[in-house]
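With UniProt numbering applied, the sequence shown corresponds to residues 1 to 639, in that order.
Don't be surprised by glycine CBs; every beta carbon is placed ideally from N, CA and C.
Just so it is clear, the structure is predicted and the values come from calculations on it, not from any experiment.
Following: one structure in structure tokens, then a few remarks.
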Amino acid sequence: MFGGYLGAITQLGLPRHQNDNGSSLSLLVMGPQGCGKSSFINLAVGQPDCMTSADSKLCTQLCHCCERSRLVDGCEFRLTDTPGFGNEMIEDRKILELLIGHLVPSSDIDRSAADNSDFPTTQKIAGILYLYSEDEPFKSRTCRKTIEMLVKVLGKRFLDRVTVLIRSQNKSWIGIDFSNFMPDEDSPLYPLYCNNTKPRTISYERDPQSIERILGPYTRLRPRTIQLAALDHFAQQYGDHWRRNDIPRYLREFFPQDIGPPRLVDQLQSVLQLQTSELKGLRTLLAQREEDMRGVQISHDLEFSNIRNERERERIDHQFQLKYLHDTLRSRAREEAAELVSSQKFEIKDLRGLLSQKGEEIQNLRSKHDVELKKIQKDREKEIHDHGLGLKRLYNTIQEQEVEISELKSKTAPGKVSEIKGLQGQLGAKDQEITKLKAMNQDINKLKLENDSEIKRLRALLSQKEEDIKGLRSNHETERELFREERANNQVALKVLQHKVEDREAEITQLKSSKDLQAEKLEALGNKIKKLDSEKDSEIERLQQLLVQGEMQDLASGRGIGLRHVQKFAHEIELNCKHILEAIGEGFSHPESSTDLNLGEVETMAGPGFSLPASEMGSTIRALEDRLQAKDEELMKLK
Numbered sequence: 001m002f003g004g005y006l007g008a009i010t011q012l013g014l015p016r017h018q019n020d021n022g023s024s025l026s027l028l029v030m031g032p033q034g035c036g037k038s039s040f041i042n043l044a045v046g047q048p049d050c051m052t053s054a055d056s057k058l059c060t061q062l063c064h065c066c067e068r069s070r071l072v073d074g075c076e077f078r079l080t081d082t083p084g085f086g087n088e089m090i091e092d093r094k095i096l097e098l099l100i101g102h103l104v105p106s107s108d109i110d111r112s113a114a115d116n117s118d119f120p121t122t123q124k125i126a127g128i129l130y131l132y133s134e135d136e137p138f139k140s141r142t143c144r145k146t147i148e149m150l151v152k153v154l155g156k157r158f159l160d161r162v163t164v165l166i167r168s169q170n171k172s173w174i175g176i177d178f179s180n181f182m183p184d185e186d187s188p189l190y191p192l193y194c195n196n197t198k199p200r201t202i203s204y205e206r207d208p209q210s211i212e213r214i215l216g217p218y219t220r221l222r223p224r225t226i227q228l229a230a231l232d233h234f235a236q237q238y239g240d241h242w243r244r245n246d247i248p249r250y251l252r253e254f255f256p257q258d259i260g261p262p263r264l265v266d267q268l269q270s271v272l273q274l275q276t277s278e279l280k281g282l283r284t285l286l287a288q289r290e291e292d293m294r295g296v297q298i299s300h301d302l303e304f305s306n307i308r309n310e311r312e313r314e315r316i317d318h319q320f321q322l323k324y325l326h327d328t329l330r331s332r333a334r335e336e337a338a339e340l341v342s343s344q345k346f347e348i349k350d351l352r353g354l355l356s357q358k359g360e361e362i363q364n365l366r367s368k369h370d371v372e373l374k375k376i377q378k379d380r381e382k383e384i385h386d387h388g389l390g391l392k393r394l395y396n397t398i399q400e401q402e403v404e405i406s407e408l409k410s411k412t413a414p415g416k417v418s419e420i421k422g423l424q425g426q427l428g429a430k431d432q433e434i435t436k437l438k439a440m441n442q443d444i445n446k447l448k449l450e451n452d453s454e455i456k457r458l459r460a461l462l463s464q465k466e467e468d469i470k471g472l473r474s475n476h477e478t479e480r481e482l483f484r485e486e487r488a489n490n491q492v493a494l495k496v497l498q499h500k501v502e503d504r505e506a507e508i509t510q511l512k513s514s515k516d517l518q519a520e521k522l523e524a525l526g527n528k529i530k531k532l533d534s535e536k537d538s539e540i541e542r543l544q545q546l547l548v549q550g551e552m553q554d555l556a557s558g559r560g561i562g563l564r565h566v567q568k569f570a571h572e573i574e575l576n577c578k579h580i581l582e583a584i585g586e587g588f589s590h591p592e593s594s595t596d597l598n599l600g601e602v603e604t605m606a607g608p609g610f611s612l613p614a615s616e617m618g619s620t621i622r623a624l625e626d627r628l629q630a631k632d633e634e635l636m637k638l639k
């Protein structure tokens, strides 16, 4: 059946595969995005081999050959997933390019057929499974031109190997015989059925039994090398020298018509054409206003030059004031630095005197402490010696008294009892004297410890004073460095401000020559003026009708507030018209430049020599900023 067709292709230089008798059948699964191609393959192989998405997003972006296969009647089927038509990421033409690139892989290169390393070869497939649904949004994703190009790429002889799987949520489709199915002429699938060779059509439900019913007829076929009609055309047109990398260009020449659903750009272009026609009408209306605006623009140019001259005078005055303030601050800073240095010198001198005084006091305390300590030691040694002698005498006396007491006891003389009691009282007095001497010894030790702690405290105070002097010296050096850095920063700031002043002057001169850039702004302003004029005229007509009907008395008596609001609204309309006409002559190219101009004018007024804090001239600068900000807001509303 296909011998002559394949023989013609082989004669043109494309090699014939020699494995037609193999048992492996390769099928391509195609269809619109989200119709369930990847789910069909996963159901067929019984494993999640292909990535799926629950929200119908594009998961397959290249032709993906599944690793697992499905066995039906002893035949092994290998399914290849393809990107869905009608997606937002890949155009339909690009998907067909990927299809041809999959059938012409660069890895199967027959060096004997051609010397060119980019010479294309082909691989085998048994057919194509095309999933289709009449439900939205899948129906709208299928473009008729895409199907026409697919049929032209495959060739009419290959349509008998295409199986269309129809899915639908409508239960009436279930059980219908699609053997003689013929879609309507306005259906996207009509190009597949309008030829003598028609594809096989089956209703598809997600169950394993339907898989065998779909793949069963392919078991009676052997895989054949698919020479697509497009490849046949390339071989006839370019001979043995056509390249795989030029497939997109060949396809554009082979099928030059646009395919795929209409893009958002096309819809926007149609809307843009309508808006362009409306814009032409508005431009004709705006041309009538241009004559009036020219005179207004001339007056505004004069006003702008006057304002610029006034700002120049203000800038010169500000420069003189800033220079005077800068000199004043510089002299004041020098005086403060000199005063600080002198005060620090006096303070250091006082600290040194205080340090020497404290040193003398410490030396005197040390000498006094040494004298007192020697005296205390001598007194203590003397007291210890006296205490030893006294104790020895007391001990001897006690022994003698004990002997006498024993003798007296032996004699049992009643007159001696009083004498014994007197001796016992003397003994108690001696014990109290010994206790007092021990307490005095403890006081001496305590005084010694207090003197030692006082000496340590004075030494710590001396070291602290030395550290304070070092800290004052370091602070003095730090302040001197900060003063030098501040002076250098002020000089840098002066240079930066001078450069900014020059840049702002260049921008002002450039703004005068940017008249051609205001065409779109004049269109918007013309529409705004027209709207304001219509509102003003309608409001004036309504007020005139109220005057004619005699209702102005009621408004004046019972609704005076409403009348004032109406008058205020009319006055605001006139002011808005006036502001719009005044804003035309400003010459700003965009709102961002106006904001830059405001800041630039403030910096221009600062001028060279600016090192003044913001609080010195805050009121003047804030007033100028508020004035320029009001102009910017008005221009933003107009744009």
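Of the listed residues the options, nearest to residue i (C-alpha basis)
i           : options               : result
residue 62  : 31, 93 and 99         : 99
residue 156 : 186, 143, 211 and 228 : 228
residue 66  : 53, 28, 36 and 95     : 28
residue 343 : 476, 90 and 214       : 476
residue 129 : 506, 92, 81 and 474   : 81
residue 467 : 348, 43 and 146       : 348
residue 425 : 441, 437, 445 and 401 : 401
residue 256 : 464, 153 and 427      : 153
residue 575 : 103, 77 and 529       : 529
residue 522 : 311, 330 and 289      : 289
residue 250 : 258, 272, 176 and 230 : 230
residue 144 : 446, 32, 378 and 247  : 32
residue 351 : 339, 461 and 292      : 461
residue 382 : 470, 441 and 183      : 441
residue 282 : 30, 541 and 526       : 526
residue 211 : 42, 421 and 384       : 42
residue 244 : 74, 101 and 308       : 101
residue 193 : 204, 205 and 179      : 179
Cβ-based burial, residue i [other Cβ within 10 Å; buried from 16]
i           : result
residue 389 : exposed
residue 375 : exposed
residue 45  : buried
residue 84  : buried
residue 633 : exposed
residue 328 : exposed
residue 26  : buried
residue 77  : buried
residue 237 : exposed
residue 626 : exposed
residue 454 : exposed
residue 435 : exposed
residue 600 : Its pLDDT being 46, under 50, residue 600 is placed unreliably in this model, and the value from its coordinates should be taken loosely. Buried is the call here.
residue 630 : exposed
residue 259 : buried
residue 378 : exposed
residue 492 : exposed
residue 604 : Below a pLDDT of 50, predicted positions are generally treated as unreliable, and residue 604, at 46, falls in that range; no measurement from the model is reported.
residue 672 : Because the chain spans 1 through 639 in this model, residue 672 falls outside it and cannot be assessed.
residue 339 : exposed
residue 556 : With a pLDDT of 46 at residue 556, under the threshold of 50, the predicted position of this residue should be treated as unreliable, though the coordinate-derived value follows. By the neighbour-count rule (16 or more Cβ atoms within 10 Å), residue 556 is not buried but exposed.
residue 234 : buried
residue 384 : exposed
residue 103 : buried
residue 300 : buried
For residue i, the residue or residues it bridges with in DSSP
i           : result
residue 217 : Answer is none; residue 217 lacks a bridge partner.
residue 203 : 166
residue 26  : 78
residue 128 : 28 and 162
residue 65  : 80
residue 133 : 167
residue 71  : 76
residue 720 : The chain is shown only over 1 to 639; residue 720 falls outside these bounds and no answer can be derived.
Integer Cβ distance of residue i from residue j, believed to fall under 8 angstroms
i           : j           : result
residue 147 : residue 201 : Incorrect: roughly 14 angstroms between the Cβ atoms, too far for contact.
residue 52  : residue 69  : With a Cβ gap of about 19 angstroms, residue 52 and residue 69 do not count as contacting.
residue 131 : residue 50  : Contact flag wrong, Cβ pair sits at about 13 angstroms.
residue 215 : residue 72  : 5 angstroms
residue 159 : residue 198 : 6 angstroms
residue 93  : residue 127 : That pair is no contact at about 23 angstroms.
**Asked** In chain order, which continuous runs of the alpha helix (DSSP H) of length 4 or greater are located wholly inside the segment 143 to 169?
**Response** 144 to 154
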